[in-house]
Amino acid sequence: GAGVSQSPSNKVTEKGKDVELRCDPISGHTALYWYRQRLGQGLEFLIYFQGNSAPDKSGLPSDRFSAERTGESVSTLTIQRTQQEDSAVYLCASSLGGDSYEQYFGPGTRLTVT
Amino acid sequence: LAKTTQPISMDSYEGQEVNITCSHNNIATNDYITWYQQFPSQGPRFIIQGYKTKVTNEVASLFIPADRKSSTLSLPRVSLSDTAVYYCLVAPDTGRRALTFGSGTRLQVQP
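Respectively, the protein sequence lines represent chains P and F. Under the working numbering, the residue at position 77 of the first sequence is numbered 78, and the numbers go up by one with no gaps. Under the working numbering, the residue at position 17 of the second sequence is numbered 495, and the numbers go up by one with no gaps.
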């Protein structure tokens, strides 16, 4: 079946502009995560959605970052007034939730802020 | 969250068994140990997960001693396609299961 998809695959934007990144999780997966990966580094947790519960936003680095999820489907990560340090690959993952630790990752969106 | 420490890089040759050890001295009682693999320009891929003793699947084995302060991922007879970054993670049993990734171990398999 279809895996996690993300769009766009690459995004180049000018400093100060807003960007919106999209994630389509695997159907039936109640949990959805956003991570950021800077070049050569591990992943940083950003935000977690589980069903209809309030999202865990504890990893968002600043109030310029926000994310929404429609039910148990599509999620969008918005970065306002982008800065050069926002340049990274943004990865989305979904899982069945509950006791499952296995997360399925999308291919990521490479964001470059010039 | 328990911090993990693993070697930055390892080299091996095709056909050899590779063991990557990760230390997690502050692991909590309800924490599970999970390993992921990441190829360049791709998202991480789940390999294996365990709580204690030994777990084996079609890809790898995971050895966890009784004190659970470390774990070893064992890859049997590696091939060139196993060249990747391997992440050891400790995930809490309750609440969110967002994963804390360290820098991982970069495995280079030579012909």
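We treat Cβ as the ideally placed atom computed from N, Cα and C, and that holds for glycine. These figures come from a predicted structure and were not determined experimentally.
Run through DSSP, which three-state label would residue i get?
i: F:Leu558; result: helix
i: P:Gln85; result: helix
i: P:Ser10; result: coil
i: F:Thr534; result: strand
i: F:Asp509; result: coil
i: P:Arg37; result: strand
i: P:Arg65; result: coil
i: F:Asn497; result: strand
i: F:Leu577; result: coil
i: P:Thr115; result: coil
i: F:Ile525; result: strand
i: P:Thr79; result: strand
i: F:Phe541; result: strand
i: P:Tyr49; result: strand
With distances taken Cα to Cα, identify the nearest neighbour of residue i among the options.
i: F:Ser501; options: F:Thr512, F:Glu492, F:Glu495; result: F:Thr512
i: P:Val5; options: P:Gly60, P:Ser67, P:Ser54, P:Leu97; result: P:Leu97
i: F:Tyr510; options: F:Glu495, F:Gln494, F:Lys532, F:Gln520; result: F:Lys532
i: F:Gln586; options: F:Leu577, F:Tyr564, F:Ser539, F:Phe541; result: F:Tyr564
i: F:Gly493; options: F:Thr507, F:Thr561, F:Asn508, F:Thr499; result: F:Thr561
i: P:Pro108; options: F:Leu540, F:Ser519, F:Ile542, F:Ser487; result: F:Ser519
Go ahead and label residue i buried or exposed: buried means 16 or more other beta carbons lie within 10 angstroms of its beta carbon, across all protein chains shown.
i: P:Val13; result: exposed
i: F:Phe517; result: exposed
i: P:Arg39; result: exposed
i: P:Ile80; result: buried
i: F:Arg555; result: exposed
i: F:Ala506; result: exposed
i: F:Thr534; result: exposed
What distance in whole Å lies between the Cβ atoms of residue j and residue i, which are believed to be in contact at a cut-off of 8 Å?
i: F:Asn504; j: F:Lys481; result: 6 Å
i: P:Arg82; j: P:Asp19; result: 7 Å
i: P:Ala94; j: F:Gly521; result: 7 Å
So does the stretch 543-562 of chain F actually touch the stretch 523-532 of chain F, counting three or more Cβ pairs closer than 8 Å? Flag = yes, the stretch 543-562 of chain F and the stretch 523-532 of chain F touch.
Under 8 Å, with one C-beta from each stretch per pair, do the stretch 64-77 of chain P and the stretch 100-110 of chain P reach the 3-pair mark? By the Cβ criterion, the stretch 64-77 of chain P is not in contact with the stretch 100-110 of chain P, since fewer than three pairs of Cβ atoms, one from each stretch, lie closer than 8 Å.
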